[in-house]
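For the sequence shown, counting from 1, position 101 maps to 101 in UniProt numbering; every step adds exactly one.
Glycine included, each C-beta is placed from N, C-alpha and C at the ideal position.
Since the model is a prediction, treat every value here as computed from it, not as a measurement.
Notes follow the structure.
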Amino acid sequence: MPSHDDYLQQALTLAEKNVEQGGRPFGAVIVRKGEVVAEAVNTLHLDDDPTGHAELNGIRAVSARSGSAALRECTVYASGQPCPMCLSAMYLTGVREVYFANSNNDGERFSLSTAAIYQQLQQPTEQQSLPVYHRPQANGIALYARWAQKQS
Numbered sequence: 001m002p003s004h005d006d007y008l009q010q011a012l013t014l015a016e017k018n019v020e021q022g023g024r025p026f027g028a029v030i031v032r033k034g035e036v037v038a039e040a041v042n043t044l045h046l047d048d049d050p051t052g053h054a055e056l057n058g059i060r061a062v063s064a065r066s067g068s069a070a071l072r073e074c075t076v077y078a079s080g081q082p083c084p085m086c087l088s089a090m091y092l093t094g095v096r097e098v099y100f101a102n103s104n105n106d107g108e109r110f111s112l113s114t115a116a117i118y119q120q121l122q123q124p125t126e127q128q129s130l131p132v133y134h135r136p137q138a139n140g141i142a143l144y145a146r147w148a149q150k151q152s
């Protein structure tokens, strides 16, 4: 049975191939119960989609094939430290665990670190560099209530 390091090497190999094809150095492998259920790379260079990160592309592939957004039994292996967006998606889908090869610190000198975003997200919303405003609307909560009613 492959080890964690074997899967990380697989993610790094995907990332290396992606670099050779003009992409960024990011690859991901998603494993469920010892079986690889997705391999993906960063596709920003192909479609200008800023959410086309390897981990998200892998999550999309698994979800589309399984017909479920639940990845509770899955482990994600990534060539680089997942950015806050990817990590959030992993939390939202219930990924069991995550392993990565290169840290934000490793990527810093190559402008491949998302540490600054992590730092921003640790600040209270009103102190973050991106202005975010909460403006409650009269029908906002009613929309949530309508959704909840449809779920029962």
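For Ser79, does the count of other Cβ atoms within 10 angstroms reach 16, so buried, or fall short, so exposed?
buried
Sort Ala69, Leu130, Cys83 and Ala101 by Cα distance to Ser113 and report the nearest one.
Cys83
Can you give me the Cβ contacts of Tyr77 inside the same chain, cut-off strictly under 6 Å, excluding the 5 residues immediately before and after it?
Tyr7, Leu8, Ala11, Val29 and Tyr99
So, is Met90 buried or exposed, given that buried needs 16 or more other C-beta atoms within 10 angstroms?
buried
Could you pull the DSSP bridge partners for Ile59 from this structure?
Ile59 is not bridged to any residue.
What are the boundary residues of the beta strand (DSSP E) that includes Arg32?
Gly27 to Arg32
Mind pulling the alpha helix (DSSP H) runs of 4 or more residues that sit fully within the UniProt domain "CMP/dCMP-type deaminase" (2-113)?
4-20, 44-47, 54-66, 84-93 and 104-107
Cβ-based burial, His53 [other Cβ within 10 Å; buried from 16]
buried
Cα-Cα separation, Asn18 to Ala116:
25 Å
Please report the Cβ distance between Gln137 and Gln128, rounded to the nearest whole angstrom; I am assuming they are in contact, meaning their Cβ atoms lie under 8 Å.
In fact, because the Cβ distance is near 22 Å, the residues do not count as touching under 8 Å.
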